[in-house]
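Down below is the structure, laid out as structure tokens.
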Amino acid sequence: MYELTIVFLVSFVITLVCTPKLIRKFRSAGIVGKDVNKSAKPEIPEMGGTMVVMGLVGGVLSAVFLNTFFDFHFNLIFLLAALATILATALIGIFDDLFDMRQSVKAFLPLAAAIPLIAVKAAGSTSLFLPFFGDVELGVFYIVALIPIGVAVSSNLTNMLAGFNGMEAGMGIVIFAAVSAISLALGRVEPAILSLAMLGALLAFIPFNWNPAKIFMGDIGTLTIGSVLACAVITGNFESAGAILVIPYVIDFFIKALNRFPSSGWWGEERGGKLYSPDGKVRGFAQLVMKLSGGISEKKLVLVFIGMEALCVLAVLLSYSNALFGFRVFA
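Quick note on my numbering: the sequence shown kicks off at 879 and runs consecutively.
Structure follows, in structure tokens:
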């Protein structure tokens, strides 16, 4: 569908054009943070996710325009409810970037952000598709528990595994390329719009965020990535695919939970162009990779995590092979 190509291109162009301008604006306004994984600790503009959100919104609104004035059919109410949830989550990210909210507060606020999506899904399907089993009817539990918890958990997970140049955008690109492909294969237009808009924005953003980064994603970006993923798989009714795609983030969560969610010391110690786990301790998944590798450059570290995400995509394709391709890989 050419309309989806337009959605992708609009989000890509908006992010590509706006990012250089806002980098200068944020730097002059003092919205900067230290790149803790560099020995010189340079100050880099933050809140780059603002441009990603702008591109996403532009892409989604272009779909609304095509729905209103042209022959592009989809469930407009579902899409707008998802957009409202995403923007509410992005607003949480803005407040966190500016005022550094407590982790406990930030963890629960996305539950409220899910209200628009809850409202529209209450009148729709309440079943959960599970690979190899088919649809499982969950009734009211799907509405009052699975949707808000899904949005909150996904947003917080993608917010936690972050802090390395290009990691958030790179892993996000792999995720939304997969979600876009699944949506198109299943004929689900609403998640295709969301994922293609996000994919376009992230592809335009990553050249500015790749090592050495000219701008950081910020919490507005990391929270939004998780929120868009949750909204896409929920509106597309392939939630279990989303659960597989966040496996690296879940591993990071448990490692950090064992360390009581450290607010500092989660980064690497640079020596000779490589990152090492400070004091030999492991406070997160990234530090585990540093320790197991005996030191690794930041670029290679990020590529390792992008590779892990690609393996998760492969697992999704295998588990959804019957729905996507008409045959089962596993009996």
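Glycine residues also receive a C-beta, built at the ideal position from the N, C-alpha and C atoms.
All values reported here derive from a predicted model rather than from experimental measurement.
Which of the three DSSP states, helix, strand or coil, is assigned to isoleucine 1093?
-> Collapsing the DSSP output to three states places isoleucine 1093 in coil.
Return the chain-ordered list of same chain residues with a C-beta closer than 6 Å to the C-beta of serine 1171, the five sequence neighbours on each side being excluded.
-> Excluding positions up to five away in sequence, the list is empty.
Status (buried if at least 16 other CB within 10 Å, exposed otherwise) for aspartate 1097 | Taking all protein chains shown into account, aspartate 1097 has 16 or more neighbouring C-beta atoms within 10 Å of its C-beta and is therefore buried.
Could you pull out every unbroken beta strand (DSSP E) segment of at least 3 residues lying fully inside the region 1135-1166, listed in chain order?
-> Those beta strand (DSSP E) runs which fall completely within the region 1135-1166 and span 3+ residues are 1147-1149, 1152-1154.
Starting from leucine 1008 and walking both ways along the beta strand (DSSP E), at which residues does that stretch end?
-> That run of the beta strand (DSSP E) goes 1005-1008.
Serine 1142 classed as buried or exposed, judged by whether at least 16 other C-beta atoms fall within 10 angstroms = It is exposed - the Cβ of serine 1142 has fewer than 16 other Cβ atoms within 10 Å.
Beta carbon of aspartate 949, beta carbon of leucine 1039: below 7 Å?
-> With contacts defined by Cβ atoms closer than 7 Å, aspartate 949 and leucine 1039 do not form a contacting pair.
Helix, strand or coil: which one does DSSP assign to glycine 1012?
-> Under the three-state reduction of DSSP, glycine 1012 is assigned to strand.
Taking only the alpha-carbon atoms, compute the straight-line gap between isoleucine 1125 and asparagine 1137 and give it to the nearest angstrom.
-> Each residue's alpha carbon lies about 19 Å from the other.
Tell me whether glutamate 1015 is buried or exposed, calling it buried when 16 or more other Cβ atoms sit within 10 Å of its Cβ.
-> Exposed, by the Cβ-count rule.
Round the Cβ separation of phenylalanine 943 and leucine 1077 to the nearest angstrom and send it over; I've been treating them as touching at under 8 Å.
-> Going by Cβ atoms, the distance from phenylalanine 943 to leucine 1077 rounds to 19 Å, so no, they are not a contact pair.
Simplified DSSP assignment, three categories, for proline 1126 = Helix, per DSSP.
Can you find at least 3 beta carbon pairs, one from the region 970-989 and one from the region 1084-1103, that sit closer than 8 Å?
-> Contact between the region 970-989 and the region 1084-1103 is present: 3 or more CB-CB pairs across the two stretches fall below 8 Å.
Use the C-beta contact count for serine 1061: other C-beta atoms within 10 angstroms, 16 or more gives buried, fewer gives exposed.
-> The residue is buried, with at least 16 neighbouring Cβ atoms inside 10 Å.
Residue nearest to lysine 1134 in terms of C-alpha spacing, selected from Ile1103, Arg1066, Leu1035 = Cα-wise, what sits closest to lysine 1134 is Leu1035.
Note down, in chain order, each residue of its chain lying with its Cβ closer than 7 Å to the Cβ of glycine 1017, except the 5 sequence neighbours on either side.
-> Contacts found: Thr1004.
Which whole-angstrom value is the C-beta distance of asparagine 1043 and asparagine 1115, which I expect to be below 8 Å?
-> With 8 Å as the limit, asparagine 1043 and asparagine 1115 do not qualify as a contact, their Cβ atoms being about 35 Å apart.
Residue span of the beta strand (DSSP E) that contains glutamate 921, given as start and end | Glutamate 921 -> beta strand (DSSP E) spans 921-923.
Identify whether lysine 899 lies in helix, strand or coil by the three-state DSSP scheme.
-> Lysine 899 falls in the helix class under three-state DSSP.
Supposed contact pair isoleucine 892 and glycine 936 - C-beta distance, whole angstroms, cut 8 Å | Indeed, because the Cβ distance is near 4 Å, the residues count as touching under 8 Å.
With a CB to CB cut of under 6 Å and the five nearest residues on each side skipped, what residues in its chain are close to phenylalanine 1132?
-> Taken in chain order, the list of residues that qualify is empty.
How far does the beta strand (DSSP E) with lysine 912 in it reach, from first residue to last?
-> Segment 910-912, the beta strand (DSSP E) holding lysine 912.
In the DSSP assignment, what residue or residues form a beta bridge with isoleucine 1174?
-> Answer by DSSP bridge pairing, in chain order: Leu1153.
Are there 16 or more other CB atoms within 10 angstroms of the CB of aspartate 978, so buried, or fewer, so exposed?
-> Per the 10 Å Cβ criterion, exposed.
Would you give the residue range spanned by the alpha helix (DSSP H) that valine 1052 belongs to?
-> First-last of the alpha helix (DSSP H) with valine 1052: 1045-1064.
When you compare only the Cα positions, how much space is there between glutamine 1165 and proline 1156?
-> C-alpha separation (whole angstroms): 8 Å.
Spatial neighbours of leucine 1008 within its chain, please: CB distance less than 8 Å, with the 5 preceding and 5 following residues excluded, ordered by chain position.
-> So the qualifying residues of the chain are Val1014, Ser1118.
Cα-Cα, which of Ser1058, Ala1047, Pro1069, Ala1070 is closest to alanine 1223?
-> Since the first residue shown for the chain is 879 and the last is 1209, residue 1223 is missing from the structure and cannot be characterised.
Can you tell me which of Tyr1154, Ala1059, Pro1069 puts its alpha carbon nearest to the alpha carbon of glycine 1173?
-> Checked all of Tyr1154, Ala1059, Pro1069; the closest Cα to glycine 1173 is Tyr1154.
Using three-state DSSP, classify alanine 1075 as helix, strand or coil.
-> Reduced to three states, the DSSP call for alanine 1075 is helix.
Figure out for me which residue from Ala1063, Met929, Lys999 has the closest Cα to the Cα of leucine 958.
-> The shortest Cα separation from leucine 958 among Ala1063, Met929, Lys999 belongs to Lys999.
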